[in-house]
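Engineer:
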Amino acid sequence: MNAPMAAETGCQLMKRLAKELKESITKGERHADEVESRIAQLEAQANPDQTQISALKQTLEVIRKKIEDERTSLSDLEDVISENC
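Each residue of the sequence shown is one higher than the last, beginning at 9 in this note's numbering.
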């Protein structure tokens, strides 16, 4: 997240942060899709590297958790914005 801009009101700040969270969620979803695709490619091989697949699955879990946390934060932030701005 970026630092507050000069002369930015509280509502402007929250709206900017909400926009940044939405962008981060979108990027995270794209990254998760890429990791899922790579896992599928590896699993389709005759002798897949289980260590690499396991590592990618752990990475995917972390990405999904981050997306979930950001969605929760975004929802909370949008509630505050709708109540106060």
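Every residue, glycine too, gets a C-beta built ideally from N, C-alpha and C. All of these numbers come straight from a predicted model, not from anything done at the bench.
Please report the residue range of the alpha helix (DSSP H) in which Ala-15 lies.
Structural biologist: Translated into the one-based positions of the sequence shown, residue 15 becomes position 7. Counting along the chain, Ala-15 falls outside any alpha helix (DSSP H), and DSSP gives it neither H nor E.
Engineer: Give the secondary structure of Ala-63 by DSSP, where H, G and I count as helix, E and B as strand, and everything else as coil.
Structural biologist: Counted from its first residue, the sequence shown places residue 63 at position 55. The answer is helix: DSSP assigns Ala-63 an H, G or I state.
Engineer: Counting Cβ pairs closer than 8 angstroms, one from the region 54 to 63 and one from the region 15 to 26, do we hit at least three?
Structural biologist: Contact between the region 54 to 63 and the region 15 to 26 is absent, because fewer than three Cβ pairs lie under 8 angstroms.
Engineer: Given this structure, state the Cα-to-Cα distance separating Gln-20 from Ser-81, to the nearest angstrom.
Structural biologist: In the sequence shown, the residue the question calls residue 20 occupies position 12. In the sequence shown, the residue the question calls residue 81 occupies position 73. Each residue's Cα considered, the two are about 17 angstroms apart.
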